[in-house]
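Read the structure below first, then the notes.
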Amino acid sequence: MAAEVAGQAVSAIPLTERYSTTDLRVFSADESGRFLKRAIADPRRNLSLAWELLYRLEPDLYERLIAAEHLHPGILEWLPAHRPRIIEIGAGTGRLTLELVARCDQLTAVEPAAPLRERLRARLASSPSPSGGGQGGSRVRIVSGFFDALPLPDQSAELVTACSALTPEPAHGGDRGLAEMERVCAVGGMVVIVWPNQPEWLARHGYRYVSFPGPMTMDFASPTEAVQLAKIFYPGAVAEIQARGDRRVPYEILGVNPPRDLAYKSIS
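So the sequence shown is residues 1343 to 1610, counted in this note's numbering.
What follows is the structure in structure tokens.
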């Protein structure tokens, strides 16, 4: 069964059934060491693994999904208007990156998945900057790297951030990844986790939590696209989304926390 997503035919198979162990060969040796050790090496039983395969096998489908996810404007207002140097880890295809470019003199975007790095470069090149041309130019450096082994020296930036990428799992950051973020943050700077996974874990590490109020929705391109993407990513919500017939879908229907919060820590 296939669905049309923004003009592209894609399978409507849910993410939890989408990939098999055969697909694990797409991982590099370094990625396999992180994602498959001490974990269930089956993407049909390990959702985190399915997401990692999505980034590498179907990055266009991933981009269609996050195009509907908009950060709460309060987050963007809260973030510093300017810092000399910013590092973003797990930058993906630029959900937060494009907002950060104009807020610094030098931005380093760290992303382990090669297909996402390629799309991030393309987005930065095609997004106009206030001074003309593509966004960032020499101000933006895109590098490969993982949370737990950042290829950067100590105190590399005044703001170090991640958006919906860091988790308590060692394969996706964990305690070591959090320590690495703090290592590359300059004294007097700040580490900010946007749309955090398990804020209570971050609180145990001295992070303060901020949440911004108000209703939030995923804003799909059309009601049809909302249904089609829900079949893949939120199959339990498909019936209600179909009944509503609206391209805007409240996060409550999807059963996930909306992108309205952050956790931060000042480095001293």
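For every residue, glycine included, the Cβ atom is placed at its ideal position computed from N, Cα and C.
#### Entry: Arg1589 in three-state terms, based on DSSP
Translated into the one-based positions of the sequence shown, residue 1589 becomes position 247. Three-state DSSP puts Arg1589 in coil, outside helix and strand.
### Query
How would you call Pro1493, buried or exposed, if buried means at least 16 neighbouring beta carbons within 10 angstroms?
Position 151 of the sequence shown, counted from the first residue, corresponds to residue 1493. With fewer than 16 Cβ atoms within 10 Å of its Cβ, Pro1493 is classed as exposed.
### Query
Excluding sequence positions up to five away, which residues of its chain have a Cβ less than 6 Å from the Cβ of Ser1362?
The residue labelled residue 1362 in the question sits at position 20 within the sequence shown. For Ser1362, same chain residues with a beta-carbon under 6 Å away, outside a window of 5 residues either side, do not exist.
#### Entry: Limits of the beta strand (DSSP E) - the one that Tyr1606 falls within
By 1-based counting over the sequence shown, the position of residue 1606 is 264. Start and end: Asp1603 to Ser1608.
### Task
Could you tell me whether the region 1416-1431 touches the region 1392-1401, using the rule of 3 or more Cβ pairs below 8 Å?
no
### Message
At the level of alpha carbons, what is the spacing between Pro1422 and Cys1446?
### Response
Along the sequence shown, one-based indexing puts residue 1422 at 80. Along the sequence shown, one-based indexing puts residue 1446 at 104. Those two C-alpha atoms are separated by around 10 Å.
### Task
May I have the straight-line CA-CA distance separating Ala1504 from Phe1575, to the nearest angstrom?
The residue labelled residue 1504 in the question sits at position 162 within the sequence shown. The residue labelled residue 1575 in the question sits at position 233 within the sequence shown. Taking the CA atoms as reference points, Ala1504 sits about 22 Å from Phe1575.
### Message
How far does the alpha helix (DSSP H) with Glu1500 in it extend, from its first residue to its last?
### Response
As a first step, residue 1500 must be located in the sequence shown, where it is residue number 158. Note, Glu1500: premise wrong, no alpha helix (DSSP H); beta strand (DSSP E) at Ala1499 to Cys1505.
### Message
For Thr1364, count the other beta carbons within 10 Å of its own beta carbon; 16 or more makes it buried, fewer makes it exposed. Which is it?
### Response
The residue given as residue 1364 occupies position 22 in the sequence shown. Exposed: under 16 other Cβ atoms inside 10 Å.
### Task
Could you have a look at Ser1390 and say whether DSSP puts it in helix, strand or coil?
For the purposes of this step, residue 1390 is taken as residue 48 along the sequence shown, with counting starting at 1. If DSSP states are grouped into helix, strand and coil, Ser1390 belongs with the helices.
### Task
Within the same chain, show all residues whose beta-carbon is closer than 6 Å to that of Val1569, passing over the 5 residues directly before and after it, in chain order.
As a working note, residue 1569 is residue 227 in the sequence shown. Taken in chain order, the residues that qualify are Ile1583 and Gln1584.
### Task
Could you tell me which residues DSSP puts in a beta bridge with Thr1450?
Position 108 of the sequence shown, counted from the start, is the residue given in the question as residue 1450. Its beta-bridge partners are Ile1429 and Arg1483.
### Query
For Ala1513, which residues of its own chain have a beta-carbon under 6 Å away from its beta-carbon, when the five flanking residues on both sides are left out?
Reading the sequence shown from its first residue, position 171 is the one you call residue 1513. Excluding sequence neighbours, Ala1513 sits near Arg1376 and Phe1377.
#### Entry: From Gly1578, Arg1465, Pro1557 and Leu1357, residue whose alpha carbon lies closest to that of Arg1437
Mapped onto the sequence shown, residue 1437 falls at position 95. Residue Arg1465 is the option with its Cα nearest to Arg1437.
### Query
To the nearest angstrom, how far is it from the Cα of Arg1481 to the Cα of Ile1382?
Residue 1481 sits at position 139 when you count from the first residue of the sequence shown. Residue 1382 sits at position 40 when you count from the first residue of the sequence shown. Answer to the nearest angstrom: the Cα atoms are 40 Å apart.
### Query
Applying the criterion that 16 or more other CB atoms from any shown protein chain within 10 Å of the CB defines a buried residue, is Pro1457 buried or exposed?
Working through the sequence shown from its first residue, we reach residue 1457 at position 115. The residue in question, Pro1457, is buried, as its Cβ has 16 or more Cβ neighbours within 10 Å.
### Query
Which residues in the same chain have their Cβ closer than 8 Å to the Cβ of Arg1589, if we skip the five residues on either side of it in sequence?
Position 247 of the sequence shown, counting from 1, holds the residue named residue 1589. Cβ within range, chain order: Asp1561, Phe1562, Ala1563, Ser1564, Pro1565, Glu1567 and Ala1568.
#### Entry: Residue ranges of each alpha helix (DSSP H) within the region 1548-1582, 4 or longer
Look at the region 1548-1582 and you find these whole runs of alpha helix (DSSP H), each 4 residues long or longer: 1565-1575.
### Query
Among residues of its own chain, excluding the 5 on either side of Glu1441, which ones have a beta-carbon nearer than 7 Å to its beta-carbon?
Taking the sequence shown and counting its residues from 1, one reaches residue 1441 at position 99. The answer, listed in chain order, is Leu1418.
### Query
Measuring CB to CB, does Phe1369 end up less than 7 Å from Ile1431?
The sequence position of residue 1369 within the sequence shown is 27, counting from 1. The sequence position of residue 1431 within the sequence shown is 89, counting from 1. Going by C-beta atoms, Phe1369 is not nearer than 7 Å to Ile1431.
### Message
Quick check on the burial criterion: 16 or more other C-beta atoms within 10 angstroms. Buried or exposed for Lys1379?
### Response
Here residue 1379 is taken as the residue at index 37 of the sequence shown, counted from 1. That one is exposed.
### Task
Grab me the residues of Ile1428's own chain with a C-beta within less than 8 Å of its C-beta, minus the 5 sequence neighbours each way, in chain order.
To locate residue 1428, count along the sequence shown from 1; it is residue 86. Counting only Cβ-Cβ distances below 8 Å, and skipping sequence neighbours, we find Leu1442, Arg1445, Cys1446, Gln1448, Leu1449, Thr1450, Ala1499, Glu1500, Leu1501, Val1502 and Thr1503.
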